[in-house]
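Have a look at the structure below, then the notes.
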Amino acid sequence: MATVRYFAGAADAAGAEEELRTEGTLDALRAAVVADHERLGFVLPRCAVLVNGERTDADMPLSASDVVDILPPFAGG
């Protein structure tokens with residue numbers, strides 16, 4: 018199972034800071050987390066998605082050892 022970590026507004030929308038997911042691809046994971054956490058559908062399109070610390074917008078296979086970070090835009094400076 019891949020570990021998904023939610024930060025800031027994404028964590029609020031998901032109602033959790035972390036969860037384990039079984040989806041086999043990043044696109045399937047995106048669809049599933051929105052289906053499971055409806056409010057995340059408003060936040061996820063604006064979020065950066067990192068897989069194992071690298072930003073990606075592409076679909077890719079996920080393995081049990083992968084860590085997916087969902088990071089909304091941050092302000093400040």
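Residue numbers (our numbering): 18 to 94.
In this text, a Cβ means the ideal position worked out from N, Cα and C, and glycines have one as well.
Since this is a predicted model, take the numbers as computed values, not measurements.
Opposing strand residues paired with residue i [DSSP bridges]
| i | result |
| --- | --- |
| D83 | The partner list for D83 (beta bridge, DSSP) is empty, contrary to what the question assumes. |
| T20 | L37 and V84 |
| E71 | V68 |
Test item: CB-CB of residue i and residue j under 7 Å
| i | j | result |
| --- | --- | --- |
| L61 | A31 | no |
| M18 | L43 | no |
| A25 | C64 | no |
| V66 | D83 | no |
| E40 | A49 | yes |
Cβ-heavy atom distance, residue i to the ligand PLP, below 6 Å
| i | result |
| --- | --- |
| F59 | No copy of the ligand PLP occurs in the structure displayed, which carries no ligand at all. |
Three-way DSSP call (helix, strand, coil) for residue i in this model
| i | result |
| --- | --- |
| P78 | strand |
Expected contact under 8 Å - CB spacing of residue i and residue j to nearest Å
| i | j | result |
| --- | --- | --- |
| R22 | D86 | 5 Å |
| L46 | L79 | 6 Å |
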